[in-house]
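See below for the structure under consideration.
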Amino acid sequence: MCANRNVNDRHINIYEAHEWKHPTKVAGIEWKNPVGTASGTFQYAAVRWFYDVSQLGAVGTKGCSPVPWEGNPGPRTAEGPASNLNAVGLQNPGVDHYLAHDLPALKQAGALVVANVAGHCDDDYMQVVAKLADSDADMLEINVSCPNVTHGGMSVGTDPVALAALMDKLRPMTDKPMVVKLTPNVTDITVPARAAVEHGADALSMINTVLGMRLDIRTGEPIIANKTGGVSGPAVLPIGIAAVYRTRTALPEIPIIGIGGIDSGEKALEYLYAGANAVEVGAAALFDPVAPLRIARELDDLLDSRPELAAKLAAGKTWR
Amino acid sequence: MCANRNVNDRHINIYEAHEWKHPTKVAGIEWKNPVGTASGTFQYAAVRWFYDVSQLGAVGTKGCSPVPWEGNPGPRTAEGPASNLNAVGLQNPGVDHYLAHDLPALKQAGALVVANVAGHCDDDYMQVVAKLADSDADMLEINVSCPNVTHGGMSVGTDPVALAALMDKLRPMTDKPMVVKLTPNVTDITVPARAAVEHGADALSMINTVLGMRLDIRTGEPIIANKTGGVSGPAVLPIGIAAVYRTRTALPEIPIIGIGGIDSGEKALEYLYAGANAVEVGAAALFDPVAPLRIARELDDLLDSRPELAAKLAAGKTWR
Amino acid sequence: MTSSFTSTYDVVAEAQAAGYFPPRHTVEVTDVRELADHVVRLTFRDPFIASHAKPAQFVNLFTHDDFMLMPRPFGVSEVEDDEVSVIFAVIGHGTEQLAELEAGDGVDVLGPLGRGFDLKQDANYILVGGGLGVPPLIYAAQKLAENDASFATAVFGYRDEHFAEEYVSRYADWSWSIDNAEGNVVDLLNRLEQGDALKAFDRKPIILSCGPLPMMKAVAEWAAERDIPAQLSMEQRMGCGYGTCVLCTVDTVDGRLKVCSDGPVFTREQLGWGE
Amino acid sequence: MTSSFTSTYDVVAEAQAAGYFPPRHTVEVTDVRELADHVVRLTFRDPFIASHAKPAQFVNLFTHDDFMLMPRPFGVSEVEDDEVSVIFAVIGHGTEQLAELEAGDGVDVLGPLGRGFDLKQDANYILVGGGLGVPPLIYAAQKLAENDASFATAVFGYRDEHFAEEYVSRYADWSWSIDNAEGNVVDLLNRLEQGDALKAFDRKPIILSCGPLPMMKAVAEWAAERDIPAQLSMEQRMGCGYGTCVLCTVDTVDGRLKVCSDGPVFTREQLGWGE
Ligand SMILES: Cc1cc2nc3c(=O)[nH]c(=O)nc-3n(C[C@H](O)[C@H](O)[C@H](O)COP(=O)(O)OP(=O)(O)OC[C@H]3O[C@@H](n4cnc5c(N)ncnc54)[C@H](O)[C@@H]3O)c2cc1C
Ligand SMILES: Cc1cc2nc3c(=O)[nH]c(=O)nc-3n(C[C@H](O)[C@H](O)[C@H](O)COP(=O)(O)OP(=O)(O)OC[C@H]3O[C@@H](n4cnc5c(N)ncnc54)[C@H](O)[C@@H]3O)c2cc1C
Ligand SMILES: Cc1cc2nc3c(=O)[nH]c(=O)nc-3n(C[C@H](O)[C@H](O)[C@H](O)COP(=O)(O)O)c2cc1C
Ligand SMILES: Cc1cc2nc3c(=O)[nH]c(=O)nc-3n(C[C@H](O)[C@H](O)[C@H](O)COP(=O)(O)O)c2cc1C
Ligand code: FES
Ligand code: FES
């Protein structure tokens with residue numbers, strides 16, 4: 001067997017104090033480094049035991065709905081080759097709980113917070129945005145891309161007309177930078193991307209999970225109670241890179257947060273070259289709690305030898 | 001390091017004579033086992049040195065166009081985590097060459113042939129189908145799902161109206177079973193699936209590759225000359241399983257050939273449980289020439305303990 | 001290199017020095033043995049887990065296979081100095097690979113995780129285990145053996161081979177086991193009660209249980225009928241094991257809770273069983 | 001188990017007994033050594049490849065990492081009894097992992113693959129190599145050394161360290177090398193010609209070349225100007241290495257051909273270089 005198969009040779013002591021060398025700017029907001037956590041894979045109550053979350057570029061929090069949501073029944077997860085599948089169905093304690101507990105704790109800890117907004121209908125999104133409008137959240141991320149709910153979520157992100165209508169309602173409600181999170185489960189992601197931007201998005205984030213499924217061959221039945229789930233993790237990397245590159249080509253100016261399959265500083269860098277201004281780390285944090293911070297540190301070093309890219313990031317300019 | 005990391009413990013001597021125990025039937029055509037090769041990953045001239053191709057359930061051949069096509073410039077491939085990306089762009093010597101060389105050689109060798117049909121426009125497809133109509137090909141597979149050509153291919157498979165129109169033209173041209181090969185690069189694969197079936201498809205095959213991309217962080221540039229490519233291999237397994245399961249649920253009667261990420265008998269079996277009547281193996285054959293035959297043998301053994309599923313397959317009935 | 005997780009040997013010390021819980025890290029396997037067909041006991045050296053783990057807490061083990069990135073959670077079954085053991089059934093490709101490890105190999109771990117049994121009261125603990133629910137109860141017996149004021153009665157149901165007798169006999173004050181061919185643990189509990197064994201104890205018993213869902217439900221009902229407290233250790237497919245993904249939920253009277261961090265131990269009242 | 005490729009030790013014998021070319025299989029690494037910074041020579045035992053490989057043919061090596069399923073093609077650099085060597089630069093994660101192999105480890109291989117150099121004529125072969133194009137030319141020198149009627153003149157250009165001198169000196173009748181700081185191989189070829197070395201040979205020379213594209217183009221032009229035949233070994237990213245996927249094409253006067261099976265060796269006429 002392979003002893004130490006996973007040893008990180010380029011050892012970085014992530015607990016040592018670090019001066020971040022390469023900040024980025026997303027929709028006018030400066031991140032101390034280009035690496036944040038992806039929504040749904042970060043709970044402050046769990047992560048704070050592992051590292052200082054203020055060291056992250058940003059913290060993306062779990063999708064927030066107007067009232068508490070129960071999500072889907074279990075089992076909610078299965079494994080794919082180099083991936084995981086999830087069907088949480090946006091379980092969360094609701095925006096009031098978020099404003100009373102999660103957000104203050106994160107701000108207290110010094111984190112830059114990207115608050116993820118979920119809804120089953122336009123009215124849901126509006127209620128959440130209304131409450132977040134005057135909050136301490138630094139940016140709002142409108143999740144129109146969850147594949148695990150039957151209403152809202154992906155059904156909006158795959159329909160540019162519905163997306164435009166939603167944005168027309170949300171945009172006037174707040175001055176906070178509004179990021180629209182898009183799904184790869186479309187024929188051409190640049191279509192909803194353009195709709196979002198034309199109707200007020202300050203930035204885009206992509207990708208949310210890819211629709212997938214596993215069956216248990218011992219029983220012949222789906223593993224996840226909800227049957228299908230969303231694929232994330234290393235397997236989806238090329239899908240996310242293509243989404244960012246194509247969107248960057250179609251929309252040269254819009255800030256983009258690249259997400260999908262990032263588990264190393266090198267892969268984060270690949271997203272930056274594809275046109276992202278920042279990245280978020282999702283599934284990798286499930287397999288090692290400190291992954292986002294380690295990736296941020298790896299990327300900070302990789303950018304040392306790429307001054308041109310680093311300068312563009314720091315200025316909030318786009319690459320390519 | 002991990003000596004023998006990949007040793008196949010359940011050793012099967014694939015060169016020994018084997019009595020296939022579990023045939024399947026796809027659109028009325030009996031396959032001696034449910035495992036074929038996926039189009040574009042099988043060239044008889046290359047594979048015949050490695051094993052007896054008549055032992056496969058079927059041989060899916062490379063997309064065939066009316067005239068020789070050059071395909072895309074190189075590099076045409078990149079690697080993803082647990083996947084490969086390709087942008088061949090359907091290079092092939094054309095249908096006349098196919099009829100003069102590849103097809104006779106395969107029929108001579110005793111293979112059951114699924115001839116893959118490619119086109120840049122309806123007229124291209126019609127020309128190829130016209131020539132294959134009276135050929136020795138056992139089944140035709142209409143490829144409306146290639147992500148690496150700018151006209152035809154995926155642009156038809158993502159547009160149910162265009163797909164229906166194409167099928168209306170092709171269907172009257174031949175009595176041969178016609179399989180329509182679909183792309184996962186759509187919001188809901190059951191929509192083109194239904195269009196294909198309502199307009200004469202005898203069976204469906206899915207999935208073709210998933211749009212993806214890699215950049216070289218040494219240069220910051222795309223690795224593939226065509227920039228984006230199609231992702232295949234283990235990473236896409238959950239995407240293919242979801243496509244088959246959802247299509248089977250929407251269209252309970254249509255025969256389905258499951259494709260995507262199959263590299264073992266177990267994964268082939270998972271597709272059968274998801275609702276496929278047969279499967280095709282693509283990228284796995286790039287990493288080991290004999291993979292399709294090994295998988296067929298593994299599946300044949302796995303079906304021994306699943307008589308109910310085996311009986312349905314043999315009768316050409318669908319599971320679920 | 002591709003999946004370069006934090007896993008140097010000193011990362012635990014670094015984390016602790018900085019005041020944090022250790023992340024995933026690589027430890028040395030010190031012993032692997034087959035206890036029965038497809039049941040393996042694996043021991044690794046990890047001073048941090050050894051000194052912190054409580055019964056019913058678990059560790060995430062990770063395979064060396066990039067196809068299988070997700071954690072494999074296993075309850076701690078014994079701690080000896082700085083060595084930690086788990087006992088697991090080989091049921092899929094992950095456990096298949098873990099079973100192939102040999103002494104001297106490295107394996108990645110995260111832990112200890114979850115909320116374990118509450119053993120604070122001095123009591124007569126009846127440990128009711130089924131199948132691969134037995135291992136965490138061995139560790140409960142081990143910990144209870146350190147407390148003279150408590151008593152540990154083990155009641156174990158096996159599918160066939162009684163694979164853990166050697167270990168439980170080291171720690172439990174009294175143990176009894178049965179396999180599927182002979183009956184089930186509720187039969188044993190009944191016989192225990194009829195034999196006046198329960199009454200003979202000077203304190204009211206507390207049930208600790210871990211095993212298949214139907215067994216635990218039956219045990220909870222048996223306990224409820226007798227008004228005996230029951231702590232039940234649940235299982236659910238997990239994404240992270242440390243409370244960040246909400247993938248491991250179980251339905252409780254308080255809504256959907258996380259098995260990994262609200263549990264794995266829940267009371268029968270929380271689960272609403274036997275009411 | 002997940003990626004269960006055919007890789008038992010006897011699969012080669014089984015395939016041959018049935019009259020087929022061996023599939024991917026596992027062989028034993030017998031030696032690994034660093035020739036220069038980031039340049040490694042790896043030797044493995046494979047009687048089939050050892051007895052069949054021709055110069056400029058290559059083998060696919062596979063990492064043990066499921067993130068990296070694609071073949072890593074390397075030209076055979078030497079054959080000694082039943083042992084086969086390759087020399088490679090560590091440029092990415094695949095070669096990084098291969099460089100970590102140790103004697104006694106297993107590695108998966110497929111080969112020999114491709115169409116090698118045509119060495120049938122008795123001639124004065126000038127082996128013009130650049131960087132990691134050198135290794136296949138060492139094997140050409142080794143094979144030519146077996147033929148007394150041919151002569152092998154090696155002209156190698158290195159980036160910096162002259163990593164292969166030890167090996168080429170074993171076989172070539174005459175060898176000369178240069179590194180980037182000193183000049184390029186075309187300079188050497190000119191000096192060779194000016195020194196009347198070429199004319200001194202009793203037969204017209206034949207150039208065999210392998211190296212970076214710009215170098216090979218320059219060499220092909222140099223050869224064309226002198227009407228010297230040139231066989232050039234090309235490189236392209238590959239999907240399969242054995243001719244089934246059409247991923248490895250190179251543009252030739254006959255259209256897009258496969259490097260892996262129509263090549264890797266093409267004549268300068270086929271490539272349309274120097275015309
Ligand atoms: C808190 C907890 C403690 C556990 N303690 C033990 C123990 O002491 N001994 C023991 O034998 N088993 C225990 N299990 C079950 C054990 O985790 C699974 O049997 C194991 O993960 C299966 O891995 P695999 O790769 O062989 O199975 P596969 O089916 O190939 O695994 C695929 C995925 O499903 C997950 N999975 C499959 N079955 C289970 C299951 N029953 N529970 C949770 N996840 C599962 C795997 O972790 C993996 O992510 C425990 C589970 C939990 C949640
Ligand atoms: C016929 C042939 C013979 C070769 N012989 C040698 C040799 O003797 N010595 C040597 O050092 N190198 C040789 N190469 C190049 C060698 O194959 C690559 O350097 C190696 O595959 C890089 O792997 P990696 O994982 O480190 O790089 P990565 O960039 O991480 O690999 C990613 C993917 O790209 C492919 N790739 C990357 N660079 C190349 C390249 N230059 N050529 C082909 N594929 C590439 C890899 O095979 C892999 O599929 C040869 C290539 C070919 C086509
Ligand atoms: C368990 C889990 C829960 C998630 N929940 C959310 C969510 O609430 N809102 C959201 O926008 N995305 C959610 N996502 C998607 C991730 O934010 C991310 O877009 C996706 O996982 C791809 O990134 P990765 O490959 O790094 O995981 C979730 C992903 C996972 C794995
Ligand atoms: C190199 C390559 C070439 C392909 N060419 C074709 C093609 O000509 N026609 C087609 O329908 N599909 C083509 N495909 C798609 C495969 O047939 C298959 O649908 C896809 O690769 C998914 O299966 P896999 O994961 O087993 O590879 C090609 C795939 C690869 C990797
Ligand atoms: S497994 Fe992630 S919260 Fe429990
Ligand atoms: S690499 Fe597949 S045909 Fe050449």
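Protein chains in written order, with the UniProt record's numbering: chain Y, 1 to 320; chain L, 1 to 320; chain W, 1 to 275; chain V, 1 to 275.
From the three backbone atoms N, C-alpha and C, an ideal C-beta is built for every residue, glycine too.
All of these numbers come straight from a predicted model, not from anything done at the bench.
Alpha-carbon spacing of residue i relative to residue j, whole angstroms
| i | j | result |
| --- | --- | --- |
| G316 of chain Y | K176 of chain Y | 17 Å |
| V210 of chain L | Q55 of chain Y | 35 Å |
| K131 of chain Y | H199 of chain L | 50 Å |
| K120 of chain V | V84 of chain V | 22 Å |
| M1 of chain W | D134 of chain Y | A caution first: M1 of chain W carries a pLDDT of 31, below 50, which makes its placement in the model too unreliable to give a value. |
| A225 of chain L | R76 of chain L | 6 Å |
| D9 of chain L | E298 of chain L | Residue confidence is low: D9 of chain L scores 44 on pLDDT, short of 50, so the model does not pin down where it sits. Its coordinate-derived value is still stated next. Going by the C-alpha atoms only, they are around 12 Å apart. |
| H101 of chain Y | Y167 of chain W | 45 Å |
| residue 288 of chain W | L132 of chain W | The question about residue 288 of chain W has no answer, for chain W in this structure spans 1 to 275. |
| A314 of chain L | G57 of chain L | 12 Å |
Residues that residue i contacts on chain L, provided the C-beta gap is smaller than 7 Å
| i | result |
| --- | --- |
| E266 of chain Y | I217 |
| V186 of chain Y | T187 |
Interface partners of residue i on chain V, CB under 7 Å
| i | result |
| --- | --- |
| D66 of chain W | D65, D66 and F67 |
| P81 of chain L | F67 |
| Y51 of chain L | Y20 |
Within chain Y, partners of residue i - CB distance below 7 Å
| i | result |
| --- | --- |
| Q236 of chain W | G74 and P75 |
| residue 296 of chain W | Shown here, chain W extends from 1 to 275; a query on residue 296 of chain W therefore has no answer. |
Under 8 Å from the C-beta of residue i: neighbouring residues of chain L
| i | result |
| --- | --- |
| T244 of chain V | T41, F42, Q43, A46, V47, A285, L286 and P289 |
| G282 of chain Y | Chain L residues near G282 of chain Y: none, gap ~14 Å exceeds 8 Å. |
Proximal chain W residues relative to residue i, where beta-carbon distance stays under 7 Å
| i | result |
| --- | --- |
| V88 of chain Y | V246 and L247 |
8 Å Cβ cut-off: residues of chain V touching residue i
| i | result |
| --- | --- |
| Y15 of chain L | E14, A15, A17, A18 and Y20 |
Partners in chain W for residue i, counting only beta-carbon separations shorter than 8 Å
| i | result |
| --- | --- |
| N84 of chain Y | L69, M70 and G239 |
Partners in chain Y for residue i, counting only beta-carbon separations shorter than 8 Å
| i | result |
| --- | --- |
| G94 of chain L | By Cβ distance, chain Y contributes nothing, its closest Cβ being about 29 Å from G94 of chain L, past 8 Å. |
Residues that residue i contacts on chain W, provided the C-beta gap is smaller than 9 Å
| i | result |
| --- | --- |
| E253 of chain Y | By Cβ distance, chain W contributes nothing, its closest Cβ being about 33 Å from E253 of chain Y, past 9 Å. |
* Would you call the segment 68 to 88 of chain L and the segment 156 to 174 of chain L in contact, with 3 or more CB pairs under 8 Å? -> Contact between the segment 68 to 88 of chain L and the segment 156 to 174 of chain L is absent: fewer than 3 CB-CB pairs across the two stretches fall below 8 Å.
* Asked: With a cut-off of 8 Å, do at least 3 Cβ pairs link the segment 253 to 268 of chain L to the segment 297 to 311 of chain L?
  -> The segment 253 to 268 of chain L, when compared against the segment 297 to 311 of chain L, does touch it at the 8 Å Cβ threshold.
* At what residue ranges does the segment 163 to 235 of chain L contain a whole run of the alpha helix (DSSP H), taking only runs of 4 or more? -> Fully enclosed alpha helix (DSSP H) runs of 4 or longer: 190 to 198.
* Asked: Just the residues with CB closer than 5 Å to a heavy atom of ligand 8, in chain order, which are they?
  -> For the structure depicted, ligand 8 is absent and the ligand set comprises only ligand 1, ligand 2, ligand 3, ligand 4, ligand 5 and ligand 6.
* To do: Please name the residues in the segment 67 to 91 of chain W whose beta-carbon is closer than 8 Å to at least one beta-carbon of chain Y, in chain order.
  => Correct list: F67, M68, L69, M70 and P71.
* Asked: When the Cβ atoms of the segment 154 to 163 of chain W are set against those of the segment 124 to 143 of chain W, are three or more pairs found closer than 8 Å?
  -> Touching, per the Cβ criterion.
* To do: Taking 8 Å as the threshold, find out whether the segment 163 to 182 of chain V comes into contact with the segment 243 to 259 of chain V through three or more Cβ pairs.
  => Segments in contact, no.
* Asked: Unbroken beta strand (DSSP E) runs of length 3 or more, entirely within the segment 85 to 147 of chain L: which are they?
  -> Listed in chain order, they are 113 to 117 and 139 to 143.
* To do: For the segment 223 to 242 of chain W and the segment 266 to 275 of chain W, state whether three or more C-beta atom pairs, one from each stretch, are separated by less than 8 Å.
  => Verdict: yes, contact present.
* Asked: What are the residues of the segment 122 to 137 of chain L that lie near chain V, defined by any Cβ-Cβ distance shorter than 8 Å?
  -> Those residues of the segment 122 to 137 of chain L that come within reach of chain V (Cβ to Cβ, closer than 8 Å) do not exist; the list is empty.
* Residues from the segment 202 to 233 of chain L in contact with chain Y, defined by Cβ distance under 9 Å -> For chain Y, the residues of the segment 202 to 233 of chain L that bring a beta carbon within less than 9 Å of one of its beta carbons are V210, L211, G212, M213, R214, L215, D216, I217, T219, G220, E221, P222, K227, T228, G229, V231 and G233, in chain order.
* To do: Would you list, in chain order, the members of the segment 250 to 275 of chain V that have their beta-carbon closer than 8 Å to a beta-carbon of chain L?
  => Those would be V250, D251, G255, R256 and S261, in chain order.
* To do: Evaluate the contact criterion for the segment 183 to 198 of chain Y versus the segment 286 to 296 of chain L: three or more CB pairs, one atom per stretch, below 8 Å.
  => Between the segment 183 to 198 of chain Y and the segment 286 to 296 of chain L there are fewer than three inter-stretch CB-CB distances shorter than 8 Å, so the stretches are not counted as touching.
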